[in-house]
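Chemist: Residue numbers (my numbering): 3 to 454.
Ideal Cβ positions, reconstructed from N, Cα and C, are used throughout, including at glycine.
This structure is a prediction, so every number in the text was calculated from the model and none was measured.
One structure coming up, written as structure tokens, with questions to follow.
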Amino acid sequence: MRLPDPAEPLPRASPPQLDSSYRAVLAIAVPTTLGNLSVPLLALGDTIVIGQLGQPVLIGAVATAAGAFTAISWLFYFVRAAAAGLTAQAYGAGDAGEQQAVLLRSLIVGAGLGLLLVALQRPLLAFLHVFFAPAPEIAGLFDVYFGWRVLGAPFILIGYAVLGWFVGIGRPGLTVTITVIASLINLALTYLFALVLGLGVAGIAIGTLIVDIGTAIAAGLIALAMTGGRIAVPRAQIFDRSRFLAMGVVNRDLMIRALALTFAFAWFTRYGNQMSTLLLSANGLLMNIFMIGSFFLDGMATAAEQLGGRAVGARRRDLFVASLRTTAAATLTLGVLASLAMFLVGPFVIDLATPDPALRATAREFLPWTALAPAIGFAAFLLDGVYIGATWTAPLRNWIIASVVLFVGAAALLVPAFGNHGLWAAMLILLAARGAGLWIGLPRRIRRTFGQ
């Protein structure tokens, strides 16, 4: 038997059997949702840990600093999204070699960008001070938290690349296993460093940094084992100029999209910071609850991304339309159920997160706005996934920018009149606008892609 020559490209396999049933949607959405839930639960766990010290200023510091770092991380989430979408298309086309090549290109991009963040940490921190304007009493803690977390940036982005690749090849269960275990370890480490060792906010950051590093290493070793411990795709294919440029265009558009969306959430945090420390802390708690609800929808968006991307790779319009109908119905249903669950469970989560009576009362006052978000924003999440899977990134980028401009305008009008209620109303307007704009442009995109 002749051994494969590493200089030769892998043969193109026949396209896999593709499915758009509810069973196929749930097979992707359920494990993805479980994995995604670890992200807001991690942040909520940090808040619960620091909240046990009974000082609202510490909760505000963690909420602001973690929110700022999460905003930076989200800005580079395109590494994971692009890896998942491009891998799904290679999967649909039955191209095993290109699946590996996408992983390696994504690792190169992620590691490079992460090292750049570490190198630019000082000017980046200065910018965050200007943009988030942390209150004087939390500014020092803000710096401490960020200084530790930014050291893990290369590992976070490497992890994004590998976990996105797992989803793209149809193995979301691996992503779940890694992220859930990482979240549990993070909770234990933050408790140890922050409370047992008495390091406070610094302990929260150090514990999470250790988890970021460990997650990237574990995911990389699993991916290496799945490829047989060797790179089986020629170097010329990995560094193919046209494919690198194509990935660059997708990454560029998704980065601009992430920047616009990150700006909106940062603007939201800035408004809360300007109103009062109490409202800042309450919004921080509610935003964690919002993220829990949104990640249920993100699981469905990932299903739409993967099934749609595979259909595009296989050039199957019928399969694309069928998967769109299935995921749309499932996402709408889940959005309504998530809103109902947040109305019911939200007060318990608030009480668990903080013992402070004033903070509990304030968070409960604005909880209804948070609970409405999944039902109103289901289309935005669904169509984000559809457009990313099909790599229709230019219209996705453009409409996000338009929606954020609408959000800023709505906040400018509503906040002076209605305070924090107006701020949350503006956020819901942003979610609704995102979904409406992408839905209007969908039929034209389908015709252009499939020529029918």
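Ends of the alpha helix (DSSP H) at Ser23?
Modeler: Reading the sequence shown from its first residue, position 21 is the one you call residue 23. Element bounds for Ser23: n/a, residue is neither H nor E.
Chemist: Using the Cα positions of Ala458 and Asp386, report the straight-line distance between them to the nearest angstrom.
Modeler: Nothing can be reported for residue 458: it is not among the residues displayed for the chain, which extend from 3 to 454.
Chemist: Indicate whether Leu433 and Ala375 have their beta-carbon atoms separated by less than 8 Å.
Modeler: On the sequence shown, position 431 is the one that residue 433 refers to. On the sequence shown, position 373 is the one that residue 375 refers to. Against a cut-off of 8 Å, the Cβ pair of Ala375 and Leu433 comes out as a contact.
Chemist: Specify, as a first and last residue, the run of the alpha helix (DSSP H) that Arg319 falls within.
Modeler: The residue labelled residue 319 in the question sits at position 317 within the sequence shown. Where Arg319 is concerned, the enclosing alpha helix (DSSP H) stretches over Arg319 to Ala355.
Chemist: So, under 8 Å CB-CB, Ser108 and Trp167 are touching, yes? Tell me the CB distance rounded to an integer number of Å.
Modeler: Your numbering for residue 108 matches position 106 in the sequence shown. Your numbering for residue 167 matches position 165 in the sequence shown. Sure, about 7 Å apart at Cβ, within 8 Å.
Chemist: CB-CB under 6 Å to Leu416, same chain, minus the five flanking residues each way: which ones, in chain order?
Modeler: Position 414 of the sequence shown holds residue 416. Gly424, Ala427 and Ala428, listed in sequence order.
Chemist: Using 10 angstroms around the beta-carbon of Gly200, count the other beta-carbons present and answer buried if the total reaches 16, otherwise exposed.
Modeler: Within the sequence shown, the letter at position 198 stands for residue 200. When all chains shown are included, Gly200 counts as exposed.
Chemist: So, is Phe241 buried or exposed, given that buried needs 16 or more other C-beta atoms within 10 angstroms?
Modeler: On the sequence shown, residue 241 is found 239 positions in, with the first residue counted as 1. Phe241 is exposed by the Cβ-count criterion.
Chemist: Just to confirm my understanding: we take Gly205, look at its own chain, exclude 5 residues before and 5 after, and list those with CB closer than 8 Å. What are they?
Modeler: As a working mapping, residue 205 is identified with position 203 in the sequence shown. Excluding residues within five positions, the ones whose Cβ falls inside 8 Å are Thr192, Leu194, Phe195, Ala196, Leu197 and Leu199.
Chemist: Under a three-way DSSP split, which group does Tyr79 fall into?
Modeler: For the purposes of this step, residue 79 is identified with residue 77 of the sequence shown, where counting begins at 1. Of the three classes helix, strand and coil, the one that applies to Tyr79 here is coil, per DSSP.
Chemist: Is Ile158 helix, strand or coil when you go by DSSP?
Modeler: Working through the sequence shown from its first residue, we reach residue 158 at position 156. Three-state DSSP puts Ile158 in a helix.
Chemist: Could you have a look at Ala304 and say whether DSSP puts it in helix, strand or coil?
Modeler: Translated into the one-based positions of the sequence shown, residue 304 becomes position 302. The sequence shown places Thr at residue 304, rather than the Ala named in the question. Of the three classes helix, strand and coil, the one that applies to Thr304 here is helix, per DSSP.
Chemist: Check whether chain E comes within 8 Å of Leu165, counting only Cβ atoms and requiring the distance to be less than that.
Modeler: Considering every chain present, this structure includes no chain E. It has just one protein chain.
Chemist: Would you list, in sequence order, the uninterrupted alpha helix (DSSP H) runs of no fewer than 4 residues that lie entirely inside the segment 237-313?
Modeler: For the segment 237-313, whole alpha helix (DSSP H) runs of length 4 or above, ordered along the chain, are 237-240 and 243-277.
Chemist: Tell me whether Pro125 sits in a helix, a strand or coil according to DSSP, three-state version.
Modeler: Position 123 of the sequence shown, counting from 1, holds the residue named residue 125. Correct three-state label for Pro125: helix.
Chemist: Can you give the beta carbon distance from Gly154 to Leu211, rounded, assuming they're within the 8 Å contact cut?
Modeler: Counted from its first residue, the sequence shown places residue 154 at position 152. Counted from its first residue, the sequence shown places residue 211 at position 209. Right, their Cβ atoms sit about 5 Å apart.
Chemist: Using beta-carbon positions only, say whether Gly216 and Val164 come within less than 8 Å of one another.
Modeler: As a working note, residue 216 is residue 214 in the sequence shown. As a working note, residue 164 is residue 162 in the sequence shown. No. Outside cutoff.
Chemist: Helix, strand or coil for Val213 per DSSP?
Modeler: Taking the sequence shown and counting its residues from 1, the one referred to as residue 213 is at position 211. Correct three-state label for Val213: helix.
Chemist: Which same chain residues end up closer than 7 Å to Ala176 when comparing Cβ atoms and leaving out the 5 residues on each side of it in sequence?
Modeler: On the sequence shown, residue 176 is found 174 positions in, with the first residue counted as 1. Sequence inspection shows Leu at residue 176; the Ala mentioned does not correspond to that position. Result list for Leu176: Phe168 and Ile224, in chain order.
Chemist: Can you tell me whether DSSP reads Pro359 as helix, strand or coil?
Modeler: Taking the sequence shown and counting its residues from 1, the one referred to as residue 359 is at position 357. If DSSP states are grouped into helix, strand and coil, Pro359 belongs with the helices.
Chemist: Which same chain residues end up closer than 7 Å to Leu281 when comparing Cβ atoms and leaving out the 5 residues on each side of it in sequence?
Modeler: Looking up residue 281 in the sequence shown gives position 279. Contacts found: Gly274, Thr364 and Asn422.
Chemist: Excluding sequence positions up to five away, which residues of its chain have a Cβ less than 8 Å from the Cβ of Val406?
Modeler: As a first step, residue 406 is located in the sequence shown; it is residue number 404 there, counting from the start. Result list for Val406: Ala262, Leu263, Phe265, Ala266 and Leu432, in chain order.
Chemist: Who are the Cβ neighbours of Gln91 in its own chain at under 6 Å, not counting the five residues just before and after it?
Modeler: Translated into positions along the sequence shown, residue 91 becomes position 89. Around Gln91: Gly311, Val314 and Gly315.
Chemist: In this structure, how does DSSP classify Thr66 when only helix, strand and coil are distinguished?
Modeler: The sequence position of residue 66 within the sequence shown is 64, counting from 1. The answer is helix: DSSP assigns Thr66 an H, G or I state.
Chemist: Determine the direct distance from the alpha carbon of Val152 to that of Thr66, and round the result to whole angstroms.
Modeler: Here residue 66 refers to the residue found at position 64 of the sequence shown. Here residue 152 refers to the residue found at position 150 of the sequence shown. Thr66 and Val152: Cα-Cα distance of roughly 15 Å.
Chemist: List the endpoints of the continuous alpha helix (DSSP H) containing Arg399.
Modeler: Locating residue 399 in the sequence shown gives position 397, where the first residue counts as 1. That run of the alpha helix (DSSP H) goes Thr395 to Phe420.
Chemist: Using 8 Å for Cβ pairs, my map puts Ile291 next to Thr372. What's the rounded Cβ distance?
Modeler: Along the sequence shown, one-based indexing puts residue 291 at 289. Along the sequence shown, one-based indexing puts residue 372 at 370. That belief holds up - the Cβ atoms of Ile291 and Thr372 are roughly 5 Å apart, short of 8 Å.
Chemist: Can you give me the C-alpha to C-alpha distance between Ala435 and Ile74, rounded to a whole angstrom?
Modeler: Mapped onto the sequence shown, residue 435 falls at position 433. Mapped onto the sequence shown, residue 74 falls at position 72. About 24 Å.
Chemist: Nearest-angstrom Cα distance between Ser325 and Trp76?
Modeler: The residue labelled residue 325 in the question sits at position 323 within the sequence shown. The residue labelled residue 76 in the question sits at position 74 within the sequence shown. Distance between the alpha carbons of Ser325 and Trp76 is about 27 Å.
Chemist: Could you check whether the segment 246-258 touches the segment 381-400, counting it as contact only if at least three pairs of C-beta atoms, one from each stretch, sit closer than 8 Å?
Modeler: As far as the Cβ criterion goes, the segment 246-258 touches the segment 381-400, which means the pair count is three or higher.
Chemist: Whole angstroms is fine: what's the gap from Val338's alpha carbon to Leu384's?
Modeler: Locating residue 338 in the sequence shown gives position 336, where the first residue counts as 1. Locating residue 384 in the sequence shown gives position 382, where the first residue counts as 1. Val338 and Leu384: Cα-Cα distance of roughly 14 Å.
Chemist: Could you give the DSSP three-state label for Arg173: helix, strand or coil?
Modeler: Against the sequence shown, residue 173 aligns to sequence position 171. Of the three classes helix, strand and coil, the one that applies to Arg173 here is coil, per DSSP.
Chemist: Near Leu430, which residues of its chain fall below 8 Å by C-beta distance, leaving aside the five closest residues on each side in sequence?
Modeler: Sequence index remark: in the sequence shown, residue 430 carries index 428 (1-based). Excluding positions up to five away in sequence, the list reads Trp371, Leu374, Ala375, Ile378 and Gly379.
Chemist: What's the call for Gly453, buried or exposed, on a 16-neighbour Cβ count within 10 Å?
Modeler: Position 451 of the sequence shown, counted from the start, is the residue given in the question as residue 453. With fewer than 16 Cβ atoms within 10 Å of its Cβ, Gly453 is classed as exposed.
Chemist: What do you reckon, are the CB atoms on Leu256 and Ala83 nearer than 8 Å?
Modeler: Taking the first residue of the sequence shown as position 1, residue 256 is located at position 254. Taking the first residue of the sequence shown as position 1, residue 83 is located at position 81. Cβ distance < 8 Å, so Leu256 and Ala83 count as in contact.
Chemist: Throw me the rounded Cβ distance for the Gly87 and Glu307 pair, which I believe falls under 8 Å.
Modeler: Within the sequence shown, the letter at position 85 stands for residue 87. Within the sequence shown, the letter at position 305 stands for residue 307. With a Cβ gap of about 6 Å, Gly87 and Glu307 count as contacting.
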